[in-house]
Amino acid sequence: FFFAWPHGCGGGVSAPQPWSPRCPMTPQVVPQSPLDLEYRGLSRADIPQLVALQKQLFPVDYNDQFYESLLQPEVTTVLAFHEDKMVGVVTGRITTQHNCCTTKHYGYIITLGVDSTY
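What follows is the structure, given as structure tokens:
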């Protein structure tokens, strides 16, 4: 899929724009997708659908504390919707390691899954 990284979050965008981590709550349609998928960040209202999707996808029962942690600013969550149904999720975070001479950034994928019918 296609992501462009715009320089800011302008209000009142008239046409869907590629999803940006700087504006994660702005719904975006990805034109190159074979389906009309909408990508957006996680809100508290999405958690019941996310719990159901992750129960379907993963052999792990995540507790309420896990879902609360996904709402924190240091975690990035991107949800994929098709006709208002959540069909995919990726969650991750970037950690930074400093030592005397260098700084390194590491990406960590927490969860990644897509409904098998998609």
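Residue numbering for the sequence shown follows full-length UniProt numbering, beginning at 1 and increasing consecutively.
Positions of the beta carbon are idealized from the N, C-alpha and C atoms, including for glycine.
Count the other CB atoms within 10 Å of the CB of A80; is the residue buried (16 or more) or exposed (fewer)?
Per the 10 Å Cβ criterion, buried.
With a threshold of 6 angstroms on Cβ separation, who are the neighbours of H105 within its own chain once the five nearest residues in sequence on each side are excluded?
Close CB contacts of H105 within its chain, under the 6 angstroms cut and outside five residues either way in sequence, are with I94, T96 (chain order).
Mind pulling the beta strand (DSSP E) runs of 3 or more residues that sit fully within the region 50-87?
Runs found: 75-82.
Boundaries of the beta strand (DSSP E) in which G113 is found, first to last residue:
Boundaries of the beta strand (DSSP E) harbouring G113: 103-114, taken from the DSSP string.
Out of T76, N99, D61, M86, state which residue places its alpha-carbon closest to the alpha-carbon of A45.
Nearest to A45 by C-alpha distance, out of T76, N99, D61, M86, is M86.
Identify, in the order they occur along the chain, each residue of the same chain with its Cβ nearer than 8 angstroms to the Cβ of C100, setting aside the five sequence neighbours on each side.
Same-chain partners within the cutoff: there are none.
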